[in-house]
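Under the working numbering, the sequence shown is numbered contiguously, ending at residue 330. Even glycine gets a Cβ: it sits at the ideal position worked out from N, Cα and C. What follows is a single structure, written as structure tokens, with notes after it.
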Amino acid sequence: MSKAKKFVALFMALALTFSMFALTGCAADEEEPETTEGTTDEGAEPAAEEFVLVEEGKLLVGSDTAFPPFESMNGDVAEGFDVDLMNAIGEKLGLEVVFMTEIFDTLIPTLKAGGKFDVIASGMTIKPERQAEIDFCDPYYDSNQSVVMKAGSVYNGPEDLAGKKIGVQSGTTGEAWAQENVPDAQLVPFKNATEAFSAAAAGNVDAIVNDLPVSTELLKEDSRGLEIVAQIPTGEQYGFAVSKDNPALRDAINEALAELRADGTYAEIYEKWFGIAPE
Ligand code: GLN
52 MSKAKKFVAL FMALALTFSM FALTGCAADE EEPETTEGTT DEGAEPAAEE
102 FVLVEEGKLL VGSDTAFPPF ESMNGDVAEG FDVDLMNAIG EKLGLEVVFM
152 TEIFDTLIPT LKAGGKFDVI ASGMTIKPER QAEIDFCDPY YDSNQSVVMK
202 AGSVYNGPED LAGKKIGVQS GTTGEAWAQE NVPDAQLVPF KNATEAFSAA
252 AAGNVDAIVN DLPVSTELLK EDSRGLEIVA QIPTGEQYGF AVSKDNPALR
302 DAINEALAEL RADGTYAEIY EKWFGIAPE
């Protein structure tokens, strides 16, 4: 081999070694994080991602607190099925639960915007349109709709409400049902259920479409001359909801909820507010 050829061979060998080294180094760099993550044992829990909270140590809850027996204000203290359930969830997570009163209609946009509260607990029905905007936790209550009118009114079906004034709560499934099912409905929107019921008692609206368990509760002690004239089996399910940016909070709430169902706390709270055992 001539000197020149030897030089070329040596150069090529060096270049090859160098490039292999560079490649290996590169590959090792890229693989490193994967190797660390991959060390989790088979069957071991993957490290849970941390959830984000508006205020450290607190679970701030947005809620339309005029919706008994799910949430209502007793003086300045929120009470109800959702309140007890959220408090029990907070206890499991080591967080102080704080209910904040919001208009139902504003709950989803406010949660989405962030910075005010972490979770919605407001007898909110899980619906595909809402699921496109926020993340629901597992269902915690089965519900239906109801039609409420002055006692003794004739109601054989939605056609009997044609052209009548129907009180609904803005942004609810009751409003959606009336829009879809009552021909020529004259819908009168209210900011919450209790205001709609007062209007019906005063004769300012002819009927109300509202979640059945809430209508039952609102008429229980004082019917104010109103009655539930129909139950509408819409087959709704309520769910607590969190921001789509906070899936770890959804998972933590679901885990707590499953534990509360398993240890009997859920049934205890259910019986306290509805007087019967959950199905
Ligand atoms: N369940 C109904 C809905 O989600 C009403 C909820 C409420 O008024 N708090 O639309």
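- With fewer than 16 neighbouring CB atoms inside 10 Å of its own CB, Val-103 falls in the exposed class.
- Selection Ser-194, Pro-190, Tyr-206, Phe-248 evaluated against Ala-307 yields Pro-190 as nearest (Cα-Cα).
- Ile-177 and Ala-164 have their C-alpha atoms roughly 20 Å apart.
- Runs of the alpha helix (DSSP H) lying entirely within the region 186–266, each at least 4 residues long, are 224–232, 244–252 in chain order.
- With contacts defined as CB atoms closer than 8 Å, Ile-185 and Lys-295 qualify as a contacting pair.
- At the C-beta level, Pro-240 and Ser-221 come within 8 Å of one another.
- Between Met-200 and Ala-258, the beta carbon gap of about 5 Å places them in contact (Cβ cut-off 8 Å).
- In summary, Ser-123 is buried, with 16 or more beta-carbon neighbours lying within 10 Å of its beta-carbon over all protein chains present.
- Shown here for Asn-232: same chain residues with a beta carbon closer than 6 Å to its own, the five before and five after excluded, namely Pro-209 in chain order.
- Residue pairing from DSSP places Thr-152 in a beta bridge opposite Ser-114.
- In this structure, Leu-111 is the residue among Leu-111, Arg-275, Asn-261 with its C-alpha nearest to the C-alpha of Val-170.
- The secondary-structure analysis by DSSP pairs Val-293 across a beta bridge with Val-170, Asp-186.
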